[in-house]
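Worksheet: the structure to be examined is printed underneath.
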Amino acid sequence: MRRYLEFANKTGTLIASAFVVVLVLFLVFPNLPVGGELLDMKSSYTYQEVMDSMEAYGERGRTIYLLANTVLDTVFPIVYATFFAGLIYRFRASEGTWWLAYIPIVGGIWDLLENVQIASMLIMYPEIGETQVTWASTFTHLKHWLGSFYLIVGAVLLVVALVRRAFTKK
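Numbers 20 to 189, taken from the working numbering, label the letters of the sequence shown in order.
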């Protein structure tokens, strides 16, 4: 795993993965022609919200969403986990804190599990059960929570590294 983190922390890897994250998150996902907001972009959702969304997507929108979910949103968690793991690993406060880079990896794995839940609902529509929606919404909510957590960890480590650098140059 340390070899992966060494790879993720390289400048070229960080730049390339950051570019892909920004491109997909701000240009691709918001512009998918599904006919409504993507479920995994919400922080959570109810059964009725899922059913309303599925209806709004229509058959074509559900097919596009399923394709994007199984192809694009399988690659995306790998890319953002690599970026944030590399960032955290690079700016870790000490050698003993390298394990913090596992947090975005766990988030990426969790996102992949959430994608399975959403794909299942897209395939099962209109026969989606309330329990399925509860599970999917829980996965989505926890994915967003994990994402916020490793964003904060990464930002704190970056600030600490910048402050250390500023004081060591004097």
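Backbone N, C-alpha and C define an ideal beta-carbon position, used for all residues, glycine too.
A quick note: this is a predicted structure, and the numbers were derived from the prediction, not measured.
Assigned exposure category for residue i - 16 Cβ within 10 Å defines buried
| i | result |
| --- | --- |
| L24 | buried |
| P96 | buried |
| M60 | exposed |
| T159 | buried |
| D130 | buried |
| T101 | buried |
| I142 | exposed |
| R81 | buried |
| L44 | exposed |
| G31 | exposed |
Delimiting residues of the alpha helix (DSSP H) encompassing residue i
| i | result |
| --- | --- |
| F190 | Nothing can be reported for residue 190, as the shown portion of the chain is limited to 20 through 189. |
| Y169 | E149 to T187 |
| P123 | Y121 to M143 |
| L33 | T30 to L42 |
Cβ-Cβ distance between residue i and residue j below 9 Å
| i | j | result |
| --- | --- | --- |
| I171 | M73 | no |
| V90 | S36 | no |
| Y69 | A185 | The residue asked about is misnamed: residue 69 is Val in this sequence, not Tyr. No; because the gap between Cβ atoms is not below 9 Å, this pair is not in contact. |
| F28 | G105 | It is worth fixing the name first, because residue 28 is Asn in this sequence and not Phe. A contact, by the Cβ cut-off of 9 Å. |
| T116 | L181 | no |
| V179 | A75 | no |
| I83 | V47 | no |
Top-ranked residue by Cα proximity to residue i, from the options
| i | options | result |
| --- | --- | --- |
| G166 | G80, R109, A112 and I128 | I128 |
| G55 | V43, G77, T32 and F45 | G77 |
| M140 | F26, P49, N50 and T65 | T65 |
| R21 | F110, L57, K188 and Y121 | Y121 |
| I137 | L33, P52, L51 and L86 | L86 |
| E133 | L51, N50 and N88 | N88 |
| T153 | F168, P52 and Q67 | Q67 |
Coil, strand or helix - residue i by DSSP
| i | result |
| --- | --- |
| S72 | helix |
| A27 | helix |
| Y66 | helix |
| A112 | coil |
| V47 | helix |
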